[in-house]
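Residues in the sequence shown are numbered consecutively from 156, following my numbering.
Written below as structure tokens is the structure these notes are about.
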Amino acid sequence: MIKKLFHKLFNSAERRTVVKNMFSLSILQGLNLLLPLVTYPYLIRVLGKDLYGTILHAAAITYYFQILTEYSFHMTATKEVSVHANDTNKLHSIFNEVFTTKMFLLAGSSVVMAILVFTIPFFEEQRLIYLLTFGNVIGQAIFPVWFFQGLQKMKYITYFNFICKIIFTAAIFIFVKKPQDAWLAPLFTSCGYISAGIVSLIYIKKLFKIPFQRKPFKKVKEQLKIGRYLFLSELKISLFTNTNTLLLGFIAGEAAVAYFASAEKVARAIGNIYTPLTLALFPYMVKNMNRDKASTYSDILKITKTGSLLFLVILIPSFIWSDLIMEILFGRGMENASLIFRILLFIPVAAFIDNMFGKQVLLTLGKDNLYFRVISVAAVLNLTMNLYLTYQYSYMGTAIALIITHIFIDIGMYWYAKREMNNATVN
């Protein structure tokens, strides 16, 4: 059934391109998931919990700067590049406008990070670790994955990324041997990100002959305006997912956070399985939506149904053996996490449905404002329910609030997608 659907959706050339890009994105996604799982247990043993916690805290802070510098370009810029893939002059313009905007956001982020680290006493003792961790932000800002994704040419930057990150991950195991070496861990991690970005920029310069030009601030404002709704949506998603854990800690204590956070990490890791597929499909859907909206929407419905059924193949065994999964990953005494995990197993399917109708339909149609509207209401709904349900039912209430929020998002995205497609078909 899957093979038949795939052949129907894509002709031979398109099929090969999508498969190649999906494979490349799978490697990138796999690296992002696997490398921390390899290095973190080692760092805990070598550095101890306190220094390890400092590294994680630094990563959590810089994550917000990564959201800012990324500014939804993984969707908006990818879409622009995909639409104008055959127009060399336009591609040059898009690349330089987006890159200039990212450098503007990076400069602002650097100033804010410096103010935080050098003026707040909390950061003084481990200031170097926080500053070196900010290198991740620099590396992500200069890494033009959006450009290659829009052109559906992910092969080479996957190689660059893989080689650079493997080399510097190996360096962690070679050089980090005692607590005094803690600063080397964020240094090597940042070097992996930055080196991959630099090599990719060199490749763009040579292969696509793109002259690097700083664009005027007017163009920066235009790019910020184009992506504002999606950026705010991504920011709200990050805020309400992190707020769940934050509120739970304040209301129910650290043990409750341990149960909930452990279960949520595994559930979201399962959900990340679909990410390479949806990222690879996005440029294709953008092109096809411009050619034939009705047919493309029909394809999206088929992919959504098939993908949801495939998830069930993974989720049902995960539900049955949840106790064993939690024990293997986190040790004994995590029975409460197992119960939460069973509830949160709906997240992978819900996130997949949200992506298909939200990003693959609404964003390709240019309805960023509707996407933002759904996420905004969902964020308020999530916060309101969390305050009550977490207070009443601890981590179980947090899990229930999160699932209800995801259901609301799915319904909202589907309703707007169906309405906009009906309007587009009539017009």
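Positions of the beta carbon are idealized from the N, C-alpha and C atoms, including for glycine.
Here the structure is a predicted model, which is why all the values come from computation and not from measurement.
Check                                                                                                                                                                        : Outcome
From K310 to Y219, what does the alpha carbon distance come to, in whole angstroms?                                                                                          : 28 angstroms
Cutting at 7 angstroms between CB atoms, please list the residues of its own chain near P334, excluding the five before and the five after it.                               : L202, G203 and L206
Under 8 angstroms by Cβ, that's how I've got S493 and S477 pegged, so tell me the actual separation to the nearest angstrom.                                                 : 5 angstroms
With H, G and I counted as helix, E and B as strand and the rest as coil, what does DSSP make of Q515?                                                                       : helix
Pick out whichever of P503, F386 and L271 has its Cα sitting closest to the Cα of T430.                                                                                      : P503
How long is the line joining the alpha carbons of K391 and V532, rounded to whole angstroms?                                                                                 : 10 angstroms
Rounded to the nearest angstrom, what separates I558 and T233 at their Cα positions?                                                                                         : 30 angstroms
Count the other C-beta atoms from every protein chain shown that fall within 10 angstroms of the C-beta of N244, then say buried if there are 16 or more, exposed otherwise. : exposed
Leaving out five residues on either side along the sequence, give the residues of the same chain with a beta carbon under 7 angstroms from the beta carbon of S393.          : I222
Select from M576, F303, P341 and Y550 the residue whose C-alpha is nearest the C-alpha of T593.                                                                              : Residue coverage of the chain in this structure runs from 156 to 582, which leaves residue 593 outside it and unanswerable.
For a quick check, are the C-beta atoms of K514 and S237 less than 8 angstroms apart?                                                                                        : no
How many whole angstroms separate the CB atoms of A418 and L470, which I take to be in contact at a CB cut-off of 8 angstroms?                                               : Not quite, the Cβ-Cβ distance comes to about 14 angstroms (not below 8 angstroms), so this is no contact.
Given the structure, does S463 come close to the ligand NAP, in the sense that its CB is under 7 angstroms from one of the ligand's heavy atoms?                             : The ligand NAP is not among the ligands present in this structure, which contains no ligands whatsoever.
In angstroms, rounded to a whole number, what distance separates the CA positions of F343 and I406?                                                                          : 37 angstroms
Please name the residue in H212, M230 and L261 whose C-alpha comes closest to that of D523.                                                                                  : M230
For the candidate residues N445, R446 and A424, whose alpha-carbon lies nearest to that of F466?                                                                             : A424
On the premise that L339 lies in contact with A296, defined as a C-beta separation below 8 angstroms, what is that separation, rounded to the nearest angstrom?              : That belief does not hold up - the Cβ atoms of A296 and L339 are roughly 23 angstroms apart, past 8 angstroms.
Evaluate G290 with the Cβ neighbour count: other Cβ atoms within 10 Å of its Cβ, from every protein chain shown; 16 or more gives buried, anything less gives exposed.       : buried
Do the segment 350–361 and the segment 317–324 make contact, defined as three or more Cβ pairs closer than 8 angstroms?                                                      : yes
If you follow the alpha helix (DSSP H) that E377 is in, where does it begin and where does it stop?                                                                          : F372 to I381
Let me know the secondary structure DSSP gives E225 once reduced to three states.                                                                                            : helix
Using C-beta distances below 7 angstroms, list every residue in its chain close to L387, excluding the 5 sequence neighbours before and after it, in chain order.            : F527
For I157, count the other beta carbons within 10 Å of its own beta carbon; 16 or more makes it buried, fewer makes it exposed. Which is it?                                  : With a pLDDT of only 49 at I157, under the threshold of 50, the placement of this residue in the model should not be trusted; the figure read from the coordinates follows. So I157 counts as exposed.
Smallest Cα separation from F367: which of P299, W570 and I564?                                                                                                              : P299
In three-state DSSP terms, what is A337?                                                                                                                                     : coil
Report the three-state DSSP secondary structure of F289 (helix, strand or coil).                                                                                             : coil
Going by beta-carbon coordinates alone, are G185 and A240 separated by less than 8 angstroms?                                                                                : no
Examine chain D for any beta-carbon lying closer than 8 angstroms to the beta-carbon of F302, and answer yes or no.                                                          : In the structure shown, chain D does not exist; there is a single protein chain.
Does the segment 253–271 come close enough to the segment 365–381 that 3 or more CB-CB pairs lie under 8 angstroms?                                                          : yes
Reducing DSSP to helix, strand and coil, say where R423 ends up.                                                                                                             : helix
Which residues mark the beginning and the end of the alpha helix (DSSP H) in which L271 is found?                                                                            : T243 to T274
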